[in-house]
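K.L.:
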Amino acid sequence: MTLASTATTGAPSGQRPQLVIDKVFKQFGVGPGAVTAVDHVSFDVKPGEFVSVIGPSGCGKSTLFNIIGGLLDEYEGDVLIERERIAGPHKAVGMVFQEESTFPWRNVIDNVAFPLELQGVNKSERLDRAHHFIDLVGLKGFERLMPSALSGGMRQRVSIARTLVFQPQILLMDEPFAALDEQTRLLLGDKITQIQQDLNQTTLLITHNLTEAVQLSDRIVVMTYRPGKVKRIVDIDLPRPRSSDVVSSDAFGHYVAEIWADLREEASRGMADSESARRGGSRG
Amino acid sequence: MAATGQVKDLTATMGWARGGRSSLRSTNLIRIGLLLGMGIGWEALSRSGLLFRDVVPSLFSIWAAIWKLVMNPAFYANLQVTAWEIFASLAIGGGLGVAVGIILGANRFLGAAYEPYVYYLAPTPRIIFFPVMIMWFGVGVASKIALGALSCFFTVALSTAGGMREIDKVLIRVGRSFRATPWQMAMKIYLPAMRVPVLNGIRLGFGTATVTALLAETKLSNQGLGFMIMQIYSRFDMPSLYGLLIIVFILAGVGNLILGKATGTSA
Amino acid sequence: MASPSFSQSRAFPILLGASTFIGAFVALEVLLRYGVVNKYVVPLPSQVLMSLERIVVEENIVGRMRDTAWEMFVSCIAVIVLGVPMGALLYRWQPLRRALLDWVAALAAAPLVLAFPLFLVIFGRSATTVIVMSVITGLAPIVIKTTEGLLGVRSVLINVGRSLKMTDAQMLRMILLPAALPVIFSGIRLSWTFVLISVVGIEFLINLGGLGQLINDLAERYDLPGTYGAIGFVILVSVIFFMLLERVESWLRPAR
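Residue numbers (my numbering), protein chains in the order written: chain A, 228 to 511; chain B, 4 to 270; chain C, 26 to 281.
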């Protein structure tokens, strides 16, 4: 388990990174029962880059997500956006959550226009921009429907559109496709890739799905099992623009195998941990 | 897993709803503070002369009035009458309610036919039936018992019927597979399963019967605590009015508490 | 069997129930006409039905309904205007909630209506007494359900708001209250039911105002069929009110 070196790892063009995570450390509780979720994690995300953070369940990915998103503010280390330490949710960051997050009492277009409503954008411009992003995620024609009339995948697309609509510089996503089936996942992955390429959107994706990470990312940060450290950072040199067809290429298979070797080790540790917890009755 | 769980907890609450370890001490401090504040405010209002004379009587005069009432044998005589009315209402209305509730809950067909009537007639101002009860039972205690019984019948019947429906069908089948006699079925399966809903219904019914009996007494009666309240009212004896109301509320609360403990259900 | 028999259809029990009551009416009519039941205690059901027309025409039923409706309207609005903010306050401050929620629950169970003589003294025999009393009776369910509803809002929705840097007021208005609305409305339904019972009940007790007083009047005049008819009418109105509230509540319940 090697600790990745600091933020300038693998930066060929020397571009100033937009998002920097610097030795972030988070421990829950104190004393002997304390749990270290994130153990001095460092990496960066450059403008326009798609970076995935992957690791087994329980490696602190979600903690990291909440810290970067500014929802968790008691931690050590720094999260820097354009070289400024964040204090609470940063206006340049748009978050897409794992759970179902559409507002059930608003229809699709009112959901998507929500952030613009908060910003005080006038109605016609709001609706225009909302329409644009609804189209972008492939939900044209569904604007007036209520979320309850949509499938899980469609609702997640609404959430994504709602986050994109105010054009955040950094898109932060926590396993947004976790609840979806494989085909929907692949197709949505296509959509995300396309959007990201069209908008040159800086994206940080938290996931446990290896194929998804390889399919979508420029770089992958592999995390260890708890306490979560950076095990490896892998550059994904698959050609851009990318589509879901890439999953059948040889290079894809190699990347998956390579990263799986790392992941498997961590995932086994995770399993062993929970099994001994079950047997021993201690907190898993 | 604990880590992610904890993260969810922390991020799940709003900054301000996240209360952390609000100890018992601060809870009690707030309560005491509130009571003291209200007491002082009341007393100040009372002495300020802002409101018409005795609308807000001094706490001391109320306390004195309470003492006087508690020492007055008439209070106990009236209490006895009211208590008897409540008890009889509950016995009759509750008894009928349990019986009807069992039938409606056990038999799906009868339940579909008649329970809607019970359900929709329950949240109605049943006190307006009082003139009818007077016509049928006279102006004495009987009319109030009848009205009280009518009131708490609905509460108990609905609670019982609901309880019957909730009984795990599996348990019933188990009983049948052991070829239990009807008596055994009743004793070993139905009764234990029904204990909580029935007793809870009775506890709620107690509340209903209490209010009904007391209100009916205020309307037309020459006995009972409700009658006593109206007596005091007609004398404009404000401290005593507050005093008696406080006593009645305390008694009702205690009754509810005792029933709650006895039946093992919460308020 | 291709189609369910009539006895298994959903209509059958309803018809049975209805016909039982109609049958009871008819039986009562017969028993009364034959002198089996005392006519001076129970009026002929047919006469009761006929009295309804008389009541509507002679007793200014519209005016009375308007009086009751006005008291109800003010009470119902007041109970929301007071209760929802109180519930929101209890939600916002946990120490306050821990201290007071039990007390509010206790108040909800207490026979507060009994204090009406007090308000008679303070406000006199007036609509104000009816309204104040009914508001007090109906307040607790809304406070409790508002707090409960707000506490039950899914945390991810709150996090969406936080990630968008919403202010407290924005959160409450645009996320918390809409998300909690189904639960809050179940409190409103409970509360408004209590309000109706309280308004009519107190009108009856203090002999004032609309429908409650009507019953009083008719009873004091020994107008037997009228009394029964009026009671039936008021019960019918309250049942309809309750059904409407239920309809709205189930409409609000999320379809998911």
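Glycine residues also receive a C-beta, built at the ideal position from the N, C-alpha and C atoms.
Name, going along the chain, the residues of the region 293-316 of chain A whose beta-carbon falls closer than 9 Å to a beta-carbon of chain C.
P.N.:
Those would be 293, 296, 297, 298, 315, 316, in chain order.
K.L.:
Might you give, ordered along the chain, the residues of its own chain that have their beta carbon closer than 6 Å to the beta carbon of residue 180 of chain C, omitting 5 neighbours on each side?
P.N.:
Excluding positions up to five away in sequence, the list is empty.
K.L.:
I need the straight-line Cα distance from residue 163 of chain C to residue 276 of chain C, nearest angstrom please.
P.N.:
Between residue 163 of chain C and residue 276 of chain C, the C-alpha separation is close to 22 Å.
K.L.:
Is the shortest distance between the beta-carbon of residue 263 of chain C and the beta-carbons of chain B less than 7 Å?
P.N.:
It does; some Cβ of chain B falls within 7 Å.
K.L.:
Which class does residue 463 of chain A belong to by DSSP, given the choice of helix, strand or coil?
P.N.:
Correct three-state label for residue 463 of chain A: coil.
K.L.:
Answer yes or no: do residue 413 of chain A and residue 471 of chain A have a C-beta to C-beta separation smaller than 7 Å?
P.N.:
Result yes, Cβ atoms of residue 413 of chain A and residue 471 of chain A sit closer than 7 Å.
K.L.:
Exposed or buried, what is residue 239 of chain A when buried is set at 16 or more other beta-carbons lying within 10 Å of its beta-carbon?
P.N.:
In this prediction, residue 239 of chain A scores a pLDDT of 43, lower than 50, which makes its location untrustworthy; no coordinate-derived value is stated.
K.L.:
Between which two residues does the alpha helix (DSSP H) harbouring residue 197 of chain B extend?
P.N.:
First-last of the alpha helix (DSSP H) with residue 197 of chain B: 194-222.
K.L.:
Can you name, in chain order, every residue of its own chain whose Cβ lies under 7 Å from the Cβ of residue 224 of chain C, other than the five neighbours on each side?
P.N.:
If we look at residue 224 of chain C and ignore the five residues flanking it on each side, its Cβ neighbours are 93, 96, 97, 100, 155, 159.
K.L.:
Closer than 7 Å, Cβ to any Cβ of chain C: which residues of the region 407-423 of chain A, in chain order?
P.N.:
Against chain C - using a Cβ distance shorter than 7 Å - the region 407-423 of chain A contributes no residues.
K.L.:
Across the region 309-320 of chain A and the region 175-192 of chain C, are there enough close Cβ pairs to call them in contact, namely three or more that are closer than 8 Å?
P.N.:
With a cut-off of 8 Å, the region 175-192 of chain C and the region 309-320 of chain A count as touching, because enough Cβ pairs lie within range.
K.L.:
Report the residue from C:135, C:238, C:250, C:51 whose alpha carbon sits nearest the alpha carbon of residue 208 of chain B.
P.N.:
When only C-alpha atoms are compared, the closest one is C:135.
K.L.:
Taking its Cβ as the centre, do 16 or more other Cβ atoms sit within 10 Å of residue 452 of chain A, making it buried, or is it exposed?
P.N.:
Classification of residue 452 of chain A: buried, given that the 10 Å Cβ count is 16 or more.
K.L.:
Out of A:326, A:253, A:258, state which residue places its alpha-carbon closest to the alpha-carbon of residue 294 of chain A.
P.N.:
When each option's Cα is compared against that of residue 294 of chain A, the closest is A:253.
K.L.:
Please report the Cβ distance between residue 296 of chain A and residue 267 of chain A, rounded to the nearest whole angstrom; I am assuming they are in contact, meaning their Cβ atoms lie under 8 Å.
P.N.:
About 19 Å; that fails the 8 Å criterion.
K.L.:
Report yes or no: is there a C-beta of chain C within less than 7 Å of the C-beta of residue 142 of chain B?
P.N.:
Not an interface residue.
K.L.:
For residue 367 of chain A, I'd like the list of residues in its chain whose CB is within less than 7 Å of its CB, leaving aside the five on either flank, ordered along the chain.
P.N.:
Excluding residues within five positions, the ones whose Cβ falls inside 7 Å are 361.
K.L.:
List, in order along the chain, the chain C residues whose C-beta lies closer than 7 Å to that of residue 232 of chain B?
P.N.:
Neighbours of residue 232 of chain B on chain C, chain order: 142.
K.L.:
List, in chain order, every chain C residue whose beta-carbon is nearer than 7 Å to that of residue 277 of chain A.
P.N.:
Within 7 Å Cβ-Cβ: nothing; residue 277 of chain A doesn't reach chain C, min ~20 Å.
K.L.:
For the candidate residues A:344, A:250, A:356, whose alpha-carbon lies nearest to that of residue 521 of chain A?
P.N.:
Because chain A spans 228 through 511 in this model, residue 521 of chain A falls outside it and cannot be assessed.
K.L.:
Hey, does residue 189 of chain C have any beta-carbon neighbour from chain A nearer than 7 Å?
P.N.:
Chain A contact via Cβ: present.
K.L.:
Count Cβ pairs between the region 183-196 of chain B and the region 123-142 of chain B that sit closer than 8 Å; are there 3 or more?
P.N.:
With the cut-off at 8 Å, the region 183-196 of chain B and the region 123-142 of chain B do not touch.
K.L.:
Taking all protein chains shown into account, decide if residue 70 of chain B is buried (16 or more other Cβ within 10 angstroms of its Cβ) or exposed.
P.N.:
Answer is exposed; the Cβ neighbour count stays below 16.
K.L.:
For residue 66 of chain C, tell me which candidate among B:109, B:139, B:111 has the shortest Cα-Cα distance.
P.N.:
Among B:109, B:139, B:111, the Cα nearest to that of residue 66 of chain C belongs to B:139.
K.L.:
Would you say residue 222 of chain B faces chain C, with C-beta separation under 7 Å as the test?
P.N.:
Interface residue, yes.
K.L.:
If you measure from the beta carbon of residue 147 of chain C to each beta carbon in chain B, is any gap under 7 Å?
P.N.:
Yes, its Cβ sits closer than 7 Å to a Cβ of chain B.
K.L.:
Which complete alpha helix (DSSP H) runs does the region 217-278 of chain C hold, if anything under 4 residues is left out?
P.N.:
For the region 217-278 of chain C, whole alpha helix (DSSP H) runs of length 4 or above, ordered along the chain, are 236-245, 249-277.
K.L.:
Using a Cβ cut-off of 7 Å (strictly closer), state whether residue 127 of chain B contacts chain C.
P.N.:
Yes, residue 127 of chain B lies at the interface with chain C (some Cβ there is under 7 Å from its Cβ).
K.L.:
Just curious, the alpha helix (DSSP H) that residue 170 of chain B is in, first and last residue?
P.N.:
First-last for residue 170 of chain B: undefined, no H or E at that position.
K.L.:
Could you pull out every residue in the same chain whose Cβ sits closer than 8 Å to the Cβ of residue 240 of chain C, ignoring the five residues on either side in sequence?
P.N.:
Correct list, in chain order: 229, 252, 255, 256, 259.
K.L.:
If residue 195 of chain B and residue 166 of chain B are in contact, beta carbons under 8 Å, what's the gap, nearest whole angstrom?
P.N.:
Rounded, the Cβ-Cβ distance is 11 Å, inconsistent with contact.
K.L.:
Residue 182 of chain C versus chain A: which residues are under 8 Å apart at the beta carbon?
P.N.:
Result: 328, 330.
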